[in-house]
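See structure below.
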Amino acid sequence: MASRKAVVGQRELAAQAQRNAQEIAAYLRLLDSRDGEDDQGGDGPGDGPGTPDEVRAALERLKAQGRAIANQAQQLLRSDASTVVCGEPEARPMRSLNSQPGYNLQTAVETQSHLIVAHEVVCEVNDQRQLQPMAEAASRVLQQPCTVVADAGYANGEHIAALDAQGITSYVAGERSVNHQGGGNLYQRSAFVYDPASDSFTCPAGSALKRKQLSRKDKMVVYAAQPSDCADCEQKPKCTTARQRFVSRHLHEEALEANASRLAAQPWMMALRRQTVEHPFASIKYLILGNARLLMRHTSGARAEFSLAVMAYNLKRVFNMKGAPSRRCGAEALGAIARPMKNAPLSRGISI
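FYI, the numbering for the sequence shown is 38 to 389, going by my numbering.
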């Protein structure tokens with residue numbers, strides 16, 4: 038993996054471009070002075086920091102560096118990122134690594150055997166778009182729809198709805214729609230009643246909040262009360278500090294509410310997740326990788342290294358569960374545990 042020094046933004050790239058231009062200008066002046074010495078019968082190529090050919094070669098290298106800096110600046114402008122990793126543009130500065138460049142490693146762990154049944158290396162800094170692909174990958178391996186448990190970082194209403202349609206039940210943590218205004222003492226969204234027929238909310242005072250706008254980026258519909266209703270309302274001090282009250286509703290609100298209800302009915306699911314998914318990650322980081330950092334560069338190298346680490350963990354796990362007699366090879370041991378797993382009851386559980 039690249040080091041933290043390789044992470045640069047537009048300001049650093051601009052400074053690099055300026056230094057590069059100054060060095061090119063210095064070499065051009067040197068070439069001009071050499072040409073003048075030749076015209077005046079100077080001492081020849083032995084003078085100065087290099088021959089004219091060496092200076093021209095260095096100048097070409099500087100120009101190539103300048104083009105690379107310009108390309109990085111253009112890529113940064115076209116992307117949503119604020120920084121780029123020099124030499125490894127697929128990597129991203131990770132908050133969990135104190136802004137060191139890295140990749141987002143994903144695993145799906147089967148809750149009965151604690152084997153990693155699916156894994157992936159992605160270039161995104163968070164897990165918000167990983168719930169559906171990881172759950173689907175695990176279901177393909179297990180050859181049946183599974184039950185998936187994930188932490189709040191995976192909360193995604195669109196993914197939860199898509200998994201529900203496939204028969205994959207999700208338990209995803211996350212406190213939703215919390216109103217932090219007024220020190221958290223104002224009416225929460227739960228105090229407003231939604232009416233599907235009119236596509237509107239009714240506030241505690243009985244006034245309507247009608248649909249105002251749609252945010253496709255956040256996949257939210259915003260509802261607003263009439264300013265005149267809020268101005269004359271006796272409950273406004275308990276409701277909002279703004280001119281009018283706004284309430285948002287997710288486009289996949291039904292799926293999110295069903296997920297929240299399932300989790301409220303079975304809160305121990307989060308404890309199951311911690312007991313299942315955290316141990317394999319710790320084992321891979323410190324017992325297998327040794328330094329908790331990938332050594333290979335680029336996504337292809339990271340995926341290869343992570344795949345080998347996952348295979349090593351799964352083999353260690355199988356041998357711990359079934360034993361590893363001297364005449365029993367790894368493939369036979371894997372088959373011994375795969376047979377009872379294949380005949381396990383429906384709705385197998387995974388943690389991600």
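For glycine and all other residues, C-beta sits at the position ideal for the given N, C-alpha and C.
6 Å Cβ shell around residue i - same chain, five flanking residues per side excluded
i: Pro-82; result: Its pLDDT being 44, under 50, Pro-82 is placed unreliably in this model, and the coordinates cannot settle the point.
i: Arg-286; result: Val-258
i: Ala-174; result: Ala-155
i: Leu-300; result: Tyr-208
Whole-angstrom distance between residue j and residue i, CA atom to CA atom
i: Asp-84; j: Gly-103; result: Confidence at Asp-84 is low in this model, with a pLDDT of 48, below 50, so its placement is unreliable and no value can be given for it.
i: Ala-51; j: Ile-106; result: 8 Å
i: Ile-197; j: Glu-294; result: 10 Å
i: Glu-127; j: Gln-111; result: 15 Å
i: Ser-150; j: Thr-206; result: 19 Å
i: Pro-274; j: Leu-200; result: 41 Å
i: Gly-355; j: Ala-341; result: With the sequence shown as reference, residue 355 is identified as Val, and Gly is not the correct amino acid for it. If I take the Cα positions, the gap works out to 21 Å.
i: Val-186; j: Gln-272; result: 40 Å
i: Ala-58; j: Leu-331; result: 35 Å
i: Gln-250; j: Ala-261; result: 9 Å
i: Leu-309; j: Val-347; result: 21 Å
i: Val-146; j: Gly-360; result: 20 Å
i: Arg-132; j: Asp-266; result: 44 Å
i: Asn-296; j: Arg-98; result: 57 Å
i: Phe-229; j: Ala-245; result: 9 Å
i: Gln-109; j: Lys-247; result: 46 Å
i: Gln-180; j: Asp-232; result: 40 Å
i: Ser-227; j: Ala-302; result: 18 Å
i: Ala-242; j: Glu-290; result: 23 Å
i: Gln-53; j: Arg-253; result: 38 Å
Expected contact under 8 Å - CB spacing of residue i and residue j to nearest Å
i: Thr-144; j: Phe-283; result: Contact flag wrong, Cβ pair sits at about 39 Å.
i: Leu-96; j: Tyr-64; result: 5 Å
i: Cys-183; j: Cys-240; result: Not really, about 41 Å apart at Cβ, beyond 8 Å.
Cβ neighbours of residue i in the same chain (closer than 8 Å, five flanking residues each side left out)
i: Ala-43; result: Val-122, Cys-123, Gly-124, Glu-125, Pro-138
i: Thr-336; result: Glu-127, Tyr-140, Val-158, Cys-160
As assigned by DSSP and simplified to three states, the class of residue i
i: Met-257; result: strand
i: Asp-232; result: strand
i: Ala-145; result: strand
i: Tyr-208; result: strand
i: Val-159; result: strand
i: Gln-165; result: coil
i: Leu-251; result: strand
i: Ile-387; result: strand
i: Met-333; result: coil
Sequence-distant residues of the same chain with beta carbon closer than 7 Å to residue i, five excluded per side
i: Ala-292; result: Gly-194, Ile-197, Ala-198, Asp-201
C-beta neighbour in chain C for residue i, strict 9 Å
i: Ser-119; result: Here there is only one protein chain, and chain C is not present.
Contact between the segment 103-119 and the segment 145-157 (3+ Cβ pairs under 8 Å): no
Contact between the segment 160-169 and the segment 178-198 (3+ Cβ pairs under 8 Å): yes
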